[in-house]
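Peer 1: Okay, so the sequence shown: first residue is 213 according to our numbering, each after it adds one.
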Amino acid sequence: MTSNAASAQLLAIARDIAVRASEFALEARRAGVSVAATKSTPTDIVTAVDRDTEAFIRSLILEARPDDGIVGEEGAARVGTTGLDWVVDPIDGTVNFLYGIPSWSVSIAVAEQAGPRRIEGSTLAGVVVNPVTGELFEASLGGGARSSGRPLAVNTGVPLGQALVATGFGYASEVRREQAEVLLGVLPEVRDIRRMGSAALDLASLAGGRVDALYERGLNAWDHAAGGLIAREAGARVGGVRGGREDVELLVATAPDLYDAFAALLRASGVDA
Ligand code: LIP
Numbered sequence: 213m214t215s216n217a218a219s220a221q222l223l224a225i226a227r228d229i230a231v232r233a234s235e236f237a238l239e240a241r242r243a244g245v246s247v248a249a250t251k252s253t254p255t256d257i258v259t260a261v262d263r264d265t266e267a268f269i270r271s272l273i274l275e276a277r278p279d280d281g282i283v284g285e286e287g288a289a290r291v292g293t294t295g296l297d298w299v300v301d302p303i304d305g306t307v308n309f310l311y312g313i314p315s316w317s318v319s320i321a322v323a324e325q326a327g328p329r330r331i332e333g334s335t336l337a338g339v340v341v342n343p344v345t346g347e348l349f350e351a352s353l354g355g356g357a358r359s360s361g362r363p364l365a366v367n368t369g370v371p372l373g374q375a376l377v378a379t380g381f382g383y384a385s386e387v388r389r390e391q392a393e394v395l396l397g398v399l400p401e402v403r404d405i406r407r408m409g410s411a412a413l414d415l416a417s418l419a420g421g422r423v424d425a426l427y428e429r430g431l432n433a434w435d436h437a438a439g440g441l442i443a444r445e446a447g448a449r450v451g452g453v454r455g456g457r458e459d460v461e462l463l464v465a466t467a468p469d470l471y472d473a474f475a476a477l478l479r480a481s482g483v484d485a
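(1) What residue range is occupied by the uninterrupted beta strand (DSSP E) comprising residue 357?
(2) Apart from the five residues on each side of it in sequence, which residues of its chain come closer than 7 Å, Cβ to Cβ, to residue 236?
(3) Name the two residues that bound the continuous beta strand (DSSP E) containing residue 328.
(4) What does the shell around the ligand LIP hold, if a residue joins when its beta-carbon is under 5 Å from any heavy atom?
(5) Which residue wins for smallest C-alpha separation from residue 379, given the options 415, 401, 373 and 363?
(6) Rounded to whole angstroms, what's the CA-CA distance from residue 403 to residue 371? Just pull it up for me.
(7) Less than 9 Å between the beta carbons of residue 438 and residue 365, yes or no?
(8) Is residue 413 closer than 9 Å to residue 305 when the C-beta atoms are compared?
(9) Within the chosen definition, does the region 417-425 reach the region 283-295 through at least 3 CB pairs nearer than 8 Å?
(10) Quick one: give me the first and last residue of the beta strand (DSSP E) that residue 352 is part of.
(11) Have a look at residue 444 and residue 356 and give me their C-alpha separation to the nearest angstrom.
(12) Since residue 298 is in the beta strand (DSSP E), which residue starts that stretch and which ends it?
(13) Do residue 186 and residue 320 have their CB atoms nearer than 9 Å?
(14) Please classify residue 433 as buried or exposed, where buried requires at least 16 neighbouring CB atoms within 10 angstroms.
(15) Could you give the residue range of the beta strand (DSSP E) that holds residue 265?
(16) Going by C-alpha to C-alpha distance, which of 460, 393, 310 and 478 sits closest to residue 328?
(17) Is residue 307 near residue 255, with beta carbons less than 9 Å apart?
(18) Using a 10 Å radius around the Cβ and a threshold of 16 neighbouring Cβ atoms, would you call residue 409 buried or exposed?
(19) State the Cα-Cα distance for the pair residue 473 and residue 272, rounded to the nearest angstrom.
(20) Excluding the 5 residues flanking residue 277 on each side, which residues of the same chain have their C-beta closer than 6 Å to its C-beta?
(21) Assign residue 397 to one of three DSSP states: helix, strand, or coil.
(22) Within the same chain, show all residues whose beta-carbon is closer than 7 Å to that of residue 448, passing over the 5 residues directly before and after it, in chain order.
(23) Assign residue 259 to buried or exposed, taking buried as 16 or more other Cβ atoms, counted over all protein chains shown, within 10 Å of its Cβ.
(24) Would residue 302 pass as a contact of residue 242 if the rule is Cβ separation under 9 Å?
(25) Select from 400, 382, 483 and 456 the residue whose C-alpha is nearest the C-alpha of residue 252.
(26) Would a C-beta distance cut-off of 9 Å place residue 491 and residue 282 closer than the cut-off?
(27) Where DSSP assigns a beta bridge to residue 462, which residues make up the other side?
This is the structure we're talking about:
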């Protein structure tokens, strides 16, 4: 079986799981949601739906691919024997989910050698679903990116001063202060900023031309694994610190013809892009 065909097969499984998990989470949301616990700070929340949805996704993965590994935001961790890891964010945009803001997603990817902070190998398949709008974004390695069957492509030919830029902020007060200082350097130089609250949907938005650039510090692999593949397959350049691989230190994503100018602006604003 060719690698593209294998990736397409993994995508079909990931899509089915993501759609079922999306229905599960939406139904649970409608039944009501409350904070179950906090993590790194009092605003870094987790709900019972996060945990229950991840447990549901884990059961579906083990049913379909019992020998693969799992890396999940809410603790679903499993060492596999195939070299493939399922990278899962059951509810990306948890604060939006809690407040009922329709910008949260189920994000599922299949990657080689994934860890919580970065992915060492290739990402082979990725699905991001917005359960509220019903939008499904997906990609397989070498197979292109699509949204509900429609091919996705990043915006090209956008000058830095006309770029619509997505970003996000961490949960720790001191980190947020530093991120606000970076924003002071970026905001005057671009069209505008959008802080939508879900990195997975930010990357899917980039892939579909709804934003022109994205940068964020502090994202874990589960936040960007699926969206990063979707963005790359839609033509984006995705990177991290000083042009290296994206990881928890930094993620930068734009169309190739905007990347160098945007990275230079980030460096001038205090980010080691
Ligand atoms: C979220 C990210 C978002 C970031 C938020 C939060 P979570 O993930 O997707 O980009 O700005 O602070 O980290 O915690 O909702 O899964």
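Idealized CB from N, CA, C, for every residue including glycine.
Peer 2: By the coordinates alone:
(1) 356-359
(2) 265 and 268
(3) Per DSSP, residue 328 belongs to no beta strand (DSSP E) and is neither H nor E.
(4) 304, 305, 306, 380, 410, 411 and 435
(5) 415
(6) 9 Å
(7) no
(8) yes
(9) no
(10) 347-352
(11) 9 Å
(12) 296-304
(13) It is not possible to answer for residue 186, since the shown part of the chain is limited to 213 through 485.
(14) buried
(15) Run containing residue 265: none in the beta strand (DSSP E); it sits in the alpha helix (DSSP H), 260-276.
(16) 460
(17) yes
(18) buried
(19) 43 Å
(20) none
(21) helix
(22) 366, 418, 419, 465, 466 and 467
(23) buried
(24) no
(25) 382
(26) In the structure as shown, the chain begins at 213 and stops at 485. Residue 491 is therefore absent and cannot be evaluated.
(27) 459
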